[in-house]
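Undergrad: FYI, the UniProt record's numbering numbers position 96 of the sequence shown as 96, with every residue one higher than the one before it. All residues carry an ideal CB built from backbone N, CA and C; glycine is no exception. This structure is in structure tokens; I'll ask about it shortly.
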Amino acid sequence: MSDEHTPLLYDCLCVGPPGSGKSLLLRTLQSNGSVDYTTSSGPTCGTSIKKIVIENKSITICEVGGGMAPLWSHFYEGVGKLMFVVDTSNLCQISAAGVLLYSLLAEPKLRNTKVLLVLAKMDASYRQMRNEALLMLQMKRLQQEVGFYFKLLYLFTV
């Protein structure tokens, strides 16, 4: 949450529906060996700030819990990068995530934001799930019509 006089304390905003894998993704990025098949995570209540170093460059990411979706817009001001995480092993969540994603992309405060769409838990779903996820999220339309810098990433848990 920022106003004109307060600089952002983070470089990137990470959002997505509850249970999509945001916390584990960020924990993995922080320390590659810290997450394995025995690692678990609970819902993020509020926000979580993570500092990640990639190729000697430090990035601060603010994760906002999926249960806080109605309040996400309070974090948009001045955001240059956004990660949106979707659990592809959950067909019901993909549909709801599509609604959240499109409402997020319609937000004027995010007009110049670089967006990374992370399709998480790809290995937990069956082979055809990738195509169904892309279809449900209307990826072709999104890439053609949205004026955002948009990137897609497939994430496997193992």
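Just to confirm, is the Cβ distance from Met139 to Gly98 under 7 Å?
TA: No, the pair does not count as a contact, with Cβ atoms beyond the cut-off.
Undergrad: Report the option in Ser20, Leu8 and Glu77 whose CA atom is closest to the CA atom of Asp95.
TA: Looking at the sequence shown, residue 95 is not Asp but Ser. Of the candidates Ser20, Leu8 and Glu77, the one whose C-alpha sits nearest the C-alpha of Ser95 is Ser20.
Undergrad: Which ranges does the alpha helix (DSSP H) cover as unbroken runs of at least 4 residues, wholly within the region 63-116, from first to last along the chain?
TA: Whole alpha helix (DSSP H) segments, 4+ residues: 91-105.
Undergrad: Under 7 Å, do Val79 and Leu13 count as touching if we go by C-beta distance?
TA: Going by C-beta atoms, Val79 is nearer than 7 Å to Leu13.
Undergrad: How about Val115 and Lys22: do their beta carbons lie closer than 7 Å?
TA: Contact: no.
Undergrad: Exposed or buried, which one is Ile61 when buried takes at least 16 other CB atoms within 10 Å?
TA: Classification for Ile61: buried.
Undergrad: Cβ atoms of Ile49 and Asp11: under 7 Å apart, would you say?
TA: No, these two residues do not count as a Cβ contact at 7 Å.
Undergrad: When burial is assigned at 16 or more other CB atoms within 10 Å of the CB, is Cys45 buried or exposed?
TA: Exposed.
Undergrad: Considering only residues of the same chain and omitting the five flanking positions on each side of Leu100, which have a CB-CB separation below 7 Å?
TA: If we look at Leu100 and ignore the five residues flanking it on each side, its Cβ neighbours are Pro17 and Ala69.
Undergrad: From Asn90 to Leu119, what distance separates their C-alpha atoms?
TA: Spanning the two alpha carbons is a distance of roughly 11 Å.
Undergrad: Classify Glu55 as buried or exposed, calling it buried when 16 or more other Cβ atoms lie within 10 Å of its own Cβ.
TA: The residue is exposed, with fewer than 16 neighbouring Cβ atoms inside 10 Å.
Undergrad: Does Leu134 come out as helix, strand or coil in the three-state DSSP assignment?
TA: In the structure shown, Leu134 sits in a helix (DSSP, three-state: H, G or I).
Undergrad: For the putative contact between Lys57 and Asp87, defined by C-beta atoms under 8 Å, what is the C-beta separation to the nearest angstrom?
TA: Rounded, the Cβ-Cβ distance is 28 Å, inconsistent with contact.
Undergrad: How would you write the range of the alpha helix (DSSP H) that Ser23 sits in, first residue to last?
TA: Here the alpha helix (DSSP H) through Ser23 covers Lys22 to Gln30.
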